[in-house]
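J.: Per my numbering, the very first residue in the sequence shown carries number 19; after that it's consecutive.
Quick reminder that beta carbons are idealized off the backbone N, C-alpha and C, glycines included.
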Amino acid sequence: FMAAQCLGMMKACLEDSVTWARERKTFGKPLIEHQVIRHKIADMSARIDATQALIQQIAWLIENGPMPVAEICKAKFFASKGLEFCASEAMQILGGAGYLRGNRIERIYRE
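1. Just how far apart, CA to CA, sit E107 and P86?
2. Can you give the Cα-Cα distance for I126 and G100, rounded to whole angstroms?
3. With a threshold of 7 angstroms on Cβ separation, who are the neighbours of L8 within its own chain once the five nearest residues in sequence on each side are excluded?
4. If distances are taken between C-alpha atoms only, which option among R42, I50, K29 comes closest to A64?
5. Exposed or buried, which one is C91 when buried takes at least 16 other CB atoms within 10 Å?
6. Write down every uninterrupted run of the beta strand (DSSP E) in the region 64-118 whose length is 3 residues or greater and which is fully enclosed by it, in chain order.
7. For D61, which option in N121, A115, I111 has the closest C-alpha, if you only look at C-alpha atoms?
Given below as structure tokens:
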């Protein structure tokens with residue numbers, strides 16, 4: 019199920035972004051204390067929650083009725099757009115470190 023894979027990668031983007039923002043200091047304070055970074059993290063988190071809710075709804079529909087083909091297609095589209103957004107935001111939060119090979123975000127963003 020592609021939407022679930024996208025959800026997992028979205029969560030990885032959020033986790034790595036929060037970890038980096040807590041550790042990295044700019045202008046004498048952790049990056050996470052900057053409002054713009056908090057907004058990026060909140061946007062990522064909201065999209066993750068929405069994607070997870072959509073996947074759970076589809077799982078319920080699958081168990082309780084005919085195959086919800088249209089909903090599955092919508093979830094695939096929604097989750098892939100959410101992943102694209104989260105990967106881009108994570109790259110912005112990580113800055114130059116996000117482009118280093120071996121970084122999980124770099125790999126997700128590239129794919």
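T.: Based on what the coordinates show:
1. 31 angstroms
2. 12 angstroms
3. For the chain, the structure presents residues 19 to 129; residue 8 sits outside this window and is missing.
4. K29
5. exposed
6. none
7. When only C-alpha atoms are compared, the closest one is I111.
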